[in-house]
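First up is the structure itself, then whatever we jot down about it.
Protein chains in written order, with this note's numbering: chain C, 1 to 330; chain E, 331 to 593.
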């Protein structure tokens, strides 16, 4: 291919028919790259009944929206979405394709890369243009190091780590074009299928929405110790309890509370990191927090380097006094 | 049925951070020789998921495939000691930059050498590079369906059904065999090797190939390049709250956070 042009963002939608936060973040990233290249931003909007959201994509920064709207795309399936993205990509001939490093985006990216016979960098946290090509930076060795990846082939494909960019704000005065792309996927020929979706039943506030997160690590020592963290949520508004993978693996709590490279990625105003070392795999899920408060008995724990405030001490002594004082101050 | 499990040997990710450094000229991470090798943990979960099917379906063979430059047999045989049946090693020195797409192509060619299979199970990502490309890439190269990050796996006749965690819950998806499934840690703990398993693993002779044995492997330009590897600048500006004892520090912390209007 030659005359590659612009950046193609693969949009993702929620079941409520809105763009996922990752899509607004990708559009911020794409806007920066587009400015450096002086080239347009395109969005692939794939789904069932999504045509009417083209204007929303334009408001978020798309110069052109390619709509693939068919009942076969009602639910994400690697097999069908790979065909749709590849077909849009062949039409757009983009220089760069960006996907969110979301459960679906990180599955879709490598399939699209194989189909387009090019390379991919996953879970990238910053993107630069050097000589008209993308250079994507990602973590290595669980966050100890960074690797800058270059792309000998076009298109350059990257999945982008959640919260690496602020989400684009909609601007309804923006204008752009919309084009419908007809993608033929014969549902009878498919070798995979979507079976069902089970909504997570979460008690209290969702981790992604919490303003304050109280995260316990392996050092909590027991389920009983871990359960003590819920006392915070009674005293602090819009707060929720989370865990490290080590704490979940030790069965102090369920896997759904896990923050980190294989868990959720959060960016609350305040993140209490309690009895956790701050392993880079964990920090990948919380380093976007505005303030990290560390409580750990090991003064050498890595988490202190990442924190605004730190207390060295056994959480079993620090926390009861902390909570009592908080009650006094109320 | 036959299940192929891909397994990567990595430096123990739990090793102290000081054992890892950057060789900026070679653009790679250097690991101290003292760091033991291990099977990447997600791959042990993939082996576990495969062995659960073997427990259920009589006549199942689990074949382990690994690609690397310096395999330590006692390490890479761990899935065999857990209960897998055979081991295939592709030895190649040219993997230093971890170009995952090239690795997926090499594995796909090795799988063509291995013959018939029904299911390929991979860890969702590796413990050292965390790229999560190989499983999906492999499926696309082989032209078979892929389901990723399984937290539960069920065999249903000639279909494999998995649960996968998505942002707001769990998706259940299914694929017709042959297929690739990548496995997440939520699948449940990987079984320990039994003494009998360890003894049996000792007798298993791996089939060893070099790249030139992989006739299906086509020459390809690099898919990605390593521009730079570096340590991020750390700028710590932590304010330590120190009271007379731990409890006093806790009280002072509460006061401080209120003062700063953080809570």
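Cβ coordinates follow ideal geometry from the N, Cα and C atoms, glycine included. It should be emphasised that the depicted structure is a prediction, and the values quoted were computed from it without experimental measurement.
Sequence-distant residues of its chain with Cβ nearer than 6 Å to residue i (five each side left out)
| i | result |
| --- | --- |
| residue 398(E) | 339 |
| residue 495(E) | 481 |
| residue 500(E) | 493 |
| residue 489(E) | 504, 506 |
| residue 311(C) | 295, 318 |
Residue i at chain E interface by Cβ criterion, 8 Å
| i | result |
| --- | --- |
| residue 285(C) | no |
| residue 19(C) | no |
| residue 240(C) | no |
| residue 194(C) | yes |
| residue 9(C) | no |
| residue 234(C) | no |
| residue 293(C) | yes |
| residue 259(C) | no |
| residue 183(C) | no |
In DSSP terms, what residue i is bridged to
| i | result |
| --- | --- |
| residue 177(C) | 64(C) |
| residue 341(E) | 367(E) |
| residue 333(E) | 392(E), 449(E) |
| residue 492(E) | 483(E), 503(E) |
| residue 133(C) | 130(C) |
| residue 239(C) | 212(C) |
| residue 147(C) | 138(C), 559(E) |
| residue 347(E) | DSSP, once it has assigned bridges, lists no residue as partnering residue 347(E). |
| residue 121(C) | 158(C) |
| residue 264(C) | 259(C) |
| residue 416(E) | 393(E) |
| residue 512(E) | 452(E) |
| residue 527(E) | Bridge partners of residue 527(E): none, in fact. |
| residue 459(E) | None; residue 459(E) has no bridge partner. |
| residue 10(C) | 44(C) |
| residue 477(E) | 511(E) |
| residue 56(C) | Bridge partners of residue 56(C): none, in fact. |
| residue 69(C) | 47(C) |
| residue 421(E) | 398(E), 540(E) |
| residue 570(E) | 310(C) |
| residue 332(C) | Lying outside 1 to 330, the shown extent of chain C, residue 332(C) is not represented and no answer is given. |
Close beta carbons around residue i, own chain, < 7 Å, minus the five adjacent residues each side
| i | result |
| --- | --- |
| residue 143(C) | 280, 281, 283, 284 |
| residue 1(C) | Here the model assigns residue 1(C) a pLDDT of 44, short of 50, so the residue's position is not dependable, and the following value carries that caveat. Hits under 7 Å: 93, 154. |
| residue 82(C) | 108, 111, 112, 115 |
Rounded distance between the beta-carbons of residue j and residue i, thought under 8 Å
| i | j | result |
| --- | --- | --- |
| residue 217(C) | residue 276(C) | 3 Å |
| residue 195(C) | residue 478(E) | Between residue 478(E) and residue 195(C) the Cβ distance is about 15 Å, and since that is not below 8 Å, they are no contact. |
| residue 349(E) | residue 364(E) | 7 Å |
| residue 451(E) | residue 379(E) | 6 Å |
| residue 150(C) | residue 133(C) | 7 Å |
| residue 325(C) | residue 585(E) | 7 Å |
| residue 9(C) | residue 27(C) | 6 Å |
Range covered by the beta strand (DSSP E) that runs through residue i
| i | result |
| --- | --- |
| residue 401(E) | No beta strand (DSSP E) holds residue 401(E); DSSP gives it neither H nor E. |
| residue 436(E) | Here residue 436(E) belongs to no beta strand (DSSP E); instead the alpha helix (DSSP H) covers 430-444. |
| residue 273(C) | 270-274 |
| residue 291(C) | 291-296 |
| residue 93(C) | Careful: residue 93(C) lies outside any beta strand (DSSP E) and carries neither H nor E. |
| residue 578(E) | First-last for residue 578(E): 576-589, but that is the alpha helix (DSSP H), not the beta strand (DSSP E). |
| residue 326(C) | Unbroken run through residue 326(C) is the alpha helix (DSSP H), 315-329; no beta strand (DSSP E). |
| residue 26(C) | Where residue 26(C) is concerned, there is no enclosing beta strand (DSSP E), although the alpha helix (DSSP H) it sits in stretches over 21-37. |
| residue 538(E) | 537-540 |
| residue 309(C) | 309-312 |
Contacts around residue i, its chain only, beta-carbon distance under 8 Å, and the 5 residues preceding and following it disregarded
| i | result |
| --- | --- |
| residue 4(C) | 93, 94, 95, 154, 155 |
| residue 259(C) | 207, 213, 215, 242, 243, 244, 265, 266, 282, 285, 286 |
| residue 387(E) | 331, 485 |
| residue 436(E) | 397, 420, 422, 541, 544, 547 |
| residue 352(E) | 358, 359, 360, 559, 560, 561 |
Enclosing alpha helix (DSSP H) for residue i [first to last residue]
| i | result |
| --- | --- |
| residue 197(C) | Here residue 197(C) belongs to no alpha helix (DSSP H); instead the beta strand (DSSP E) covers 192-199. |
| residue 114(C) | 105-115 |
| residue 464(E) | 464-472 |
| residue 301(E) | The displayed coordinates of chain E run from 331 to 593. Any statement about residue 301(E) would go beyond what the structure contains. |
| residue 226(C) | 223-227 |
| residue 284(C) | Premise fails: residue 284(C) is in no alpha helix (DSSP H) and is neither H nor E. |
| residue 248(C) | 245-249 |
| residue 520(E) | No alpha helix (DSSP H) contains residue 520(E), which DSSP labels as neither H nor E. |
Cβ of residue i within 8 Å of any chain A Cβ
| i | result |
| --- | --- |
| residue 494(E) | The displayed structure is made up of protein chains C and E, and chain A is not among them. |
Test: residue i CB closer than 8 Å to a CB of chain C
| i | result |
| --- | --- |
| residue 502(E) | yes |
| residue 356(E) | no |
| residue 531(E) | no |
| residue 447(E) | no |
| residue 437(E) | no |
| residue 441(E) | no |
| residue 479(E) | yes |
| residue 586(E) | yes |
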